[in-house]
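Chemist: One structure, pasted below without further comment.
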């Protein structure tokens, strides 16, 4: 191993070592590195802001649920029935799972007009 170099894994060196930079350039080198790092940081930040702005305006890709099977627990009433109805309108085969058999039967009649429904008790 040479006096002027420092060995790293597999003989790779990440960049010039401090002792390889002339004494008069050491402060300038660190300032230049800091400026380069700042520029890269600002460019990356602007890129992420533009991407977020684009996704806010255009929106993200939505998953197609046609033909998928959705198990809805608590499908006899409340939020479960609303979620089941929404999934049915999106084209899912809905599996209603609830202990409330009366509410489940009522929702079965409503949702069957949209898609296939399976009742589990």
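Residue numbers (the working numbering): 6 to 126.
In this text, a Cβ means the ideal position worked out from N, Cα and C, and glycines have one as well.
Exposed or buried, residue 114, counting other C-beta atoms within 10 Å across all chains shown (16 or more means buried)?
Modeler: Classification of residue 114: exposed, given that the 10 Å Cβ count is below 16.
Chemist: How is the beta strand (DSSP E) around residue 111 delimited, first residue to last?
Modeler: From DSSP, residue 111 is part of no beta strand (DSSP E) but of the alpha helix (DSSP H) over 106-116.
Chemist: Compute the Euclidean distance between the alpha carbons of residue 45 and residue 53, then round it to the nearest angstrom.
Modeler: 12 Å
Chemist: Write down the C-beta distance between residue 74 and residue 97 rounded to the nearest angstrom, noting that I regard them as a contact closer than 8 Å.
Modeler: Between residue 74 and residue 97, the beta carbon gap of about 7 Å places them in contact (Cβ cut-off 8 Å).
Chemist: What span of residues does the beta strand (DSSP E) with residue 101 cover, start to end?
Modeler: 98-102 is the extent of the beta strand (DSSP E) around residue 101.
Chemist: In this structure, does DSSP put residue 93 in helix, strand or coil?
Modeler: helix
Chemist: Buried or exposed for residue 69, please, with buried defined as at least 16 other CB atoms from any protein chain shown within 10 angstroms of its CB.
Modeler: exposed
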